[in-house]
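In order, the protein sequence lines correspond to chains A and B.
Take the first sequence: its letter number 60 is residue 157 in the working numbering, and every next letter is one higher.
Take the second sequence: its letter number 71 is residue 76 in the working numbering, and every next letter is one higher.
The structure under discussion appears below in the form of structure tokens.
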Amino acid sequence: MAAARDAGEAAARGAAKLSEELSDAKLVALCRAGDEEAWGALVERFSRYVYAICVQAFRLPEHDAEDVFQEVFARVFERLDTLRDDEAVRPWIAQLTRRLCIDRLRAGSREITADTEELPDGPDEDVLLKLEEAFDVHDALAGLSENCQEILDRFFARDESYRTIGEALELPAGTIASRISRCLLKLREEMTPDVRPESR
Amino acid sequence: MSGYDIERLSRLIGTLPPAPAAWVRAARELPRARRELDTIVERAESDAEFRRALIADLESALRAEGVEPTWPLLDELRRRVS
Numbered sequence: 098m099a100a101a102r103d104a105g106e107a108a109a110r111g112a113a114k115l116s117e118e119l120s121d122a123k124l125v126a127l128c129r130a131g132d133e134e135a136w137g138a139l140v141e142r143f144s145r146y147v148y149a150i151c152v153q154a155f156r157l158p159e160h161d162a163e164d165v166f167q168e169v170f171a172r173v174f175e176r177l178d179t180l181r182d183d184e185a186v187r188p189w190i191a192q193l194t195r196r197l198c199i200d201r202l203r204a205g206s207r208e209i210t211a212d213t214e215e216l217p218d219g220p221d222e223d224v225l226l227k228l229e230e231a232f233d234v235h236d237a238l239a240g241l242s243e244n245c246q247e248i249l250d251r252f253f254a255r256d257e258s259y260r261t262i263g264e265a266l267e268l269p270a271g272t273i274a275s276r277i278s279r280c281l282l283k284l285r286e287e288m289t290p291d292v293r294p295e296s297r
Numbered sequence: 006m007s008g009y010d011i012e013r014l015s016r017l018i019g020t021l022p023p024a025p026a027a028w029v030r031a032a033r034e035l036p037r038a039r040r041e042l043d044t045i046v047e048r049a050e051s052d053a054e055f056r057r058a059l060i061a062d063l064e065s066a067l068r069a070e071g072v073e074p075t076w077p078l079l080d081e082l083r084r085r086v087s
């Protein structure tokens, strides 16, 4: 059991690494050729995005969000061959997710209010825009050291405390705040080409 | 891009928390799950007893093969054996 879990975690780490290294188009091409590690990397790259569209933009309850999440990846897996432009996989996945969320909301509203003509609320467009921006920031994170990626992700996206991060990364908790500041500055350089040092 | 101050970047990192690990694992294992599904369907076609048990409890059949019974997989299995 523990061995299977370790193998699963190792596969996830491998997929995360591959996801950082390859462009969207290369990942799609490898997936289409049946490369299962690339498929894992594609799931790794888009899982947060799909999840956020479901629960933040459409406010789906967790059990509906899970069904939509699995349906999105099942359809991506089946229909990758139909994608015309491999670089456009992100808008394709976003559109697919939005459509399935709407279907799910409509089905839910039919069940609950069968006697009314009320349509469910659409997505929060501001949230969708923010998610696009957040995706770009997460992409830029891949340009930082593994240590910086880990610290920023654990602190801001996983809500972990200095103490938890310190224990996980074997760093003194007292140094975490300053590391976060340094890593954020590096991230800003990644996101802002005109403040990047000449040497890059 | 003067818009990216530190505070905004911090908020944007926090905007994409990880999806639940079990969901991601199930999606990552789709290629293997599809293969297992094919094996299950083949067996159901050649073994009437197994087919009956399968139709009675699709979820358990998938779990027995080590496959997380997600909604799309259950739906496909139901379609293929019914």
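All C-beta atoms in this analysis are idealised placements derived from N, C-alpha and C, irrespective of residue type, glycine included.
Three-state secondary structure assigned by DSSP to residue i
i: Thr261 of chain A; result: helix
i: Arg85 of chain B; result: helix
i: Arg285 of chain A; result: helix
i: Pro22 of chain B; result: coil
i: Pro269 of chain A; result: coil
i: Pro77 of chain B; result: helix
i: Ala130 of chain A; result: coil
i: Arg276 of chain A; result: helix
i: Gly5 of chain B; result: In this structure chain B extends from 6 to 87, so residue 5 of chain B is not present and cannot be described.
i: Glu34 of chain B; result: coil
i: Arg57 of chain B; result: helix
i: Asp164 of chain A; result: helix
i: Arg40 of chain B; result: helix
Residue i, buried or exposed, once every other Cβ within 10 Å from all chains shown has been counted against 16
i: Thr75 of chain B; result: buried
i: Ser120 of chain A; result: exposed
i: Gly137 of chain A; result: buried
i: Asp161 of chain A; result: buried
i: Thr179 of chain A; result: exposed
i: Leu226 of chain A; result: exposed
i: Arg279 of chain A; result: exposed
i: Glu12 of chain B; result: exposed
Whether residue i touches residue j by CB criterion (8 angstroms)
i: Met288 of chain A; j: Leu21 of chain B; result: no
i: Pro220 of chain A; j: Phe170 of chain A; result: no
i: Glu184 of chain A; j: Ala135 of chain A; result: no
i: Val337 of chain A; j: Val125 of chain A; result: The requested residue 337 of chain A is not part of the displayed model; chain A covers only 98 to 297.
i: Pro23 of chain B; j: Ala254 of chain A; result: yes
i: Leu63 of chain B; j: Leu35 of chain B; result: no
i: Arg145 of chain A; j: Leu177 of chain A; result: no
i: Arg72 of chain B; j: Ala38 of chain B; result: One detail in the question is off: residue 72 of chain B reads as Val in this sequence, not Arg. Against a cut-off of 8 angstroms, the Cβ pair of Ala38 of chain B and Val72 of chain B comes out as a contact.
i: Ala66 of chain B; j: Arg56 of chain B; result: no
Residue i: contacting residues in chain C (beta-carbon distance under 7 angstroms)
i: Glu230 of chain A; result: You won't find chain C in this structure, because its protein chains are A and B.
Contact between the stretch 170 to 180 of chain A and the stretch 26 to 42 of chain B: three or more CB pairs below 8 angstroms?
yes
Within the stretch 171 to 252 of chain A, ranges of the alpha helix (DSSP H) (whole runs, at least 4 residues)
186 to 209, 222 to 238, 243 to 249
Is it the case that the stretch 234 to 253 of chain A contacts the stretch 265 to 283 of chain A, given that we only count it when at least three CB pairs across the two stretches are under 8 angstroms?
yes
Meets three-Cβ-pair contact criterion under 8 angstroms: the stretch 188 to 202 of chain A and the stretch 138 to 151 of chain A
yes
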